[in-house]
Amino acid sequence: MFRTRLSLAFAALLALVCVQAAFVYWGAYRVNDYARHSRLTSDILSELLDLSANKQRLRVWAMQRLMNADAVPEVRERLIENMQRSATALESLAVQDAALWRELAERDGIAVPQEVHQLVGVSELLKDNIKAVDARLKPLNPLEPGAEFAVLWGEINQVFDMAKGRDLREVLNGAIDRQRLTVPVARAATERALAALREKAIAMALITLAAAIVMALSLSRRLQQPLDRLLAGTQALQAGALDHRIATESRDEFDHVAQSFNAMAQELQSHRSAADAARHDLEVAVHDRTRELSAAHDTLKQLDERRRQLFADLGHELRTPATAIRGEAEIALRGKDKPTAEYRQALGRVISGIDQMTGLIHDLMLIAKAEADQLVMKPTTTDMPALLAEAVDQARTLGADRRVDVQLDLGGAAAGPVRVHADANRLVQAVMIVLDNAVRYSPEGATVAVALRSDPSVATVVVSDAGIGIDEDELPHIFERFVRGQRARAHRADGTGIGLSIAQSIVHAHAGQIDVHSVALRGTTVRISLPVIAADAPEWAL
């Protein structure tokens, strides 16, 4: 069972880790003892040096005091205090060092050096000497006249250098020399202990790592095959192969997982079949209903937009003639009675404004019907050359006053009749809108060219002029209602800007296309393309 194998492997690793931790703790404890010994030896040497230096300063103070120099008692007190502090610290450090040596001797079976016991005695001897020096220097005053300096100074030196019959200079210097030799030895011992601990810790870590690698490889080989089977099963399930089943070849935990996986796959397969059938039925119903609702929504949206746009256009364009009519009426009624001729002139202007309003309403209604797919057409078989000849004749009449010539070119038409299925009156209206713009926006003496091009499927009317042209940024908006370009407004103040919109509505109602290409100050070309009737079409199909 894999659970038992895993438990044993983890237990073995845990045991190795615990052994390693215990060894590191034991080694660190030993290294800490050596480090303490090294630190104590360094501190003892530091205190010995401080005490020796302060004692020498105190000796200098005593000489200055005898010579009546600037030697105040406060300096003596501070030096005595520093020496006492060093002696106390030295005694404490010596006791700690002796205790540590006894501990090391008991643990490692080594003898305690004689210098350790001597250091304790030296610290006690120094404390007694400091008290004697303090007692001798407190009453010290400057040397009286006639007194012997050598005798008094020899007495003071005797107090400084001797204690209990021992020469303190030799004792102190010997202790300092011994500590100077002991400090590097203690440091070297600490470094050796650290190196040994480091080597042993690395060895234990390598042993633990090797054991972990061996156990990991062993478990990996035993786990690889069942894990591969489970992974293949999950990948097949993810890919949608719900009929995939994992083979059960053992009686361990992976066998139980495989059995549960196979049961889950069987259940998912059953649910998917039922869900696919239900989803298909729902998608069909939703698709049909969505298509119906989308079509109805689009129709209602278009109708609503066209209605609102029509009302806005009517209000905008009818305001100007209505205001003019009202103004004429108010002027006619203002003041005293006027001659009949003036009333007739006012009524004539009113009628002119009404005619303008009526024409505008007629044009707007035509656009509105076209956008609502309600534009009434009376299509018949129409001969395009004859229709263009009629439109060109009307355009020549318009161009006569402006000395603009209109030329018709039928040479590009296909051989034989060019006929379209169209409402002739509406189609002439669309062509005349284009010709009217070409004539009105051309300079005097210019020529407007009208050409008919055709192939077996399409007849194209091309109207070209050399007029003011249209700016490039205005071309995308020329078929919008009540839009006039800057050049057009500068050339002619009148005009409503709905002519091309009407022409586009009529052409689109005939399943045709109208395109405009223009270059500012160089002219405009308009192309109206319409489907033609095949030359061999039977009479009943026309």
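Per numbering that gives the first Met the number 0, numbering of the sequence shown is gapless, rising by one per residue and ending at 541. Here a beta-carbon is modelled for each residue, glycine too, at the ideal position from N, C-alpha and C. Just so you know, these numbers come straight off a predicted model, no measurement behind them.
Whole-number beta carbon distance between residue j and residue i, since they are thought to touch under 8 Å
i    : j    : result
V74  : A93  : In fact, because the Cβ distance is near 28 Å, the residues do not count as touching under 8 Å.
V430 : V460 : 6 Å
V531 : V419 : 6 Å
D422 : M364 : At roughly 16 Å, the Cβ-Cβ gap does not stay under 8 Å, so D422 and M364 are not in contact.
L529 : G511 : 4 Å
S85  : D42  : No, S85 and D42 are not in contact; Cβ-Cβ is about 11 Å, not under 8 Å.
V405 : L426 : About 17 Å; that fails the 8 Å criterion.
Spatially closest choice to residue i from the options, by CA coordinates
i    : options                   : result
I497 : H476, S517 and D514       : H476
P442 : N424, H490 and V506       : H490
I527 : A502, N140, W152 and V59  : A502
W100 : V158, L50 and S37         : S37
Q55  : L230, L299 and N156       : N156
L275 : V256, G239 and A257       : For clarity, residue 275 is Asp in the given sequence; the question names Leu instead. The shortest C-alpha separation from D275 is found at G239.
Q485 : H270, I79, G352 and Y440  : Y440
T322 : E304, I353 and R521       : I353
I79  : L136, R395, A448 and L386 : L136
I432 : G410, A390 and D408       : A390
F559 : R488, A487 and T495       : As displayed, the chain neither begins before 0 nor continues past 541, which places residue 559 out of reach and without an answer.
M594 : P320, E341 and V518       : Residue 594 falls outside the range modelled here, since the chain spans only 0 to 541, and no answer is possible.
E549 : H279, L499, V349 and T339 : Nothing can be reported for residue 549, as the shown portion of the chain is limited to 0 through 541.
A131 : A149, R84, F159 and P72   : F159
T381 : L12, D392, P416 and L407  : P416
V525 : R488, H509, S122 and G466 : G466
A162 : E198, A200 and E123       : E123
A200 : V18, L299, E282 and G522  : V18
D227 : I212, L48 and V256        : V256
L407 : R401, F9 and A388         : A388
P138 : S85, P72, Q95 and E102    : P72
A61  : N140, L218 and E341       : N140
P384 : R452, A294, Q393 and Q237 : R452
L151 : E105, E304, L65 and V462  : L65
N172 : A52, A211 and R220        : A52
Rounded C-alpha distance that separates residue i from residue j
i    : j    : result
A215 : V16  : 16 Å
N615 : L142 : Within the shown structure, residues of the chain are numbered from 0 to 541, placing residue 615 beyond reach of any answer.
R35  : D166 : 31 Å
R483 : A284 : 49 Å
G153 : R58  : 12 Å
P378 : K335 : 57 Å
K337 : I360 : 33 Å
T446 : R343 : 40 Å
E291 : A277 : 22 Å
L397 : G468 : 19 Å
Q117 : L44  : 14 Å
A204 : H270 : 55 Å
L39  : E76  : 28 Å
L346 : I324 : 9 Å
A20  : I206 : 13 Å
E169 : N81  : 21 Å
A88  : A70  : 27 Å
S517 : A450 : 17 Å
N128 : A149 : 22 Å
A533 : G444 : 40 Å
Q232 : Q224 : The displayed chain sequence assigns Gly, not Gln, to residue 232. C-alpha separation (whole angstroms): 13 Å.
G410 : L386 : 15 Å
V438 : A508 : 25 Å
R125 : R197 : Correcting the residue identity first, residue 125 is Leu in this sequence and not Arg. Distance between the alpha carbons of L125 and R197 is about 42 Å.
A134 : G164 : 18 Å
R546 : R521 : The requested residue 546 does not occur in the structure, where the chain is confined to residues 0 to 541.
S91  : Q63  : 33 Å
F9   : F260 : 28 Å
A11  : A235 : 38 Å
E46  : L7   : 58 Å
A273 : V213 : 51 Å
S217 : L230 : 20 Å
A540 : I513 : Unreliable positioning characterises A540 in this predicted model, as indicated by a pLDDT of 46, which lies under 50. A coordinate reading is not provided.
A209 : A194 : 22 Å
D280 : H286 : 10 Å
N424 : L332 : 42 Å
Original post:
Pairing CB atoms from the stretch 471–487 with CB atoms from the stretch 452–460, are three or more of them under 8 Å?
Top reply: When Cβ pairs closer than 8 Å are counted between the two stretches, the stretch 471–487 is seen not to touch the stretch 452–460, the count staying below three.
Original post:
Whole beta strand (DSSP E) runs in the stretch 452–476 with 3 or more residues, listed along the chain?
Top reply: Correct list: 457–463.
Original post:
Is the stretch 231–246 touching the stretch 261–268, taking contact as three or more C-beta pairs under 8 Å?
Top reply: Enough Cβ pairs lie closer than 8 Å, so yes.
Original post:
What alpha helix (DSSP H) runs, 4 residues minimum, are completely inside the stretch 129–163?
Top reply: For the stretch 129–163, whole alpha helix (DSSP H) runs of length 4 or above, ordered along the chain, are 148–160.
**OP:** Only counting runs of 3 or more residues, tell me where the beta strand (DSSP E) segments fall wholly within the stretch 200–264, in order along the chain.
**Re:** The stretch 200–264 is shown to contain no whole beta strand (DSSP E) run of 3 or more residues.
**OP:** List in chain order: all unbroken beta strand (DSSP E) runs of 3+ residues lying wholly within the stretch 485–526.
**Re:** With a minimum length of 3 residues, the continuous beta strand (DSSP E) runs that stay inside the stretch 485–526 are 512–518.
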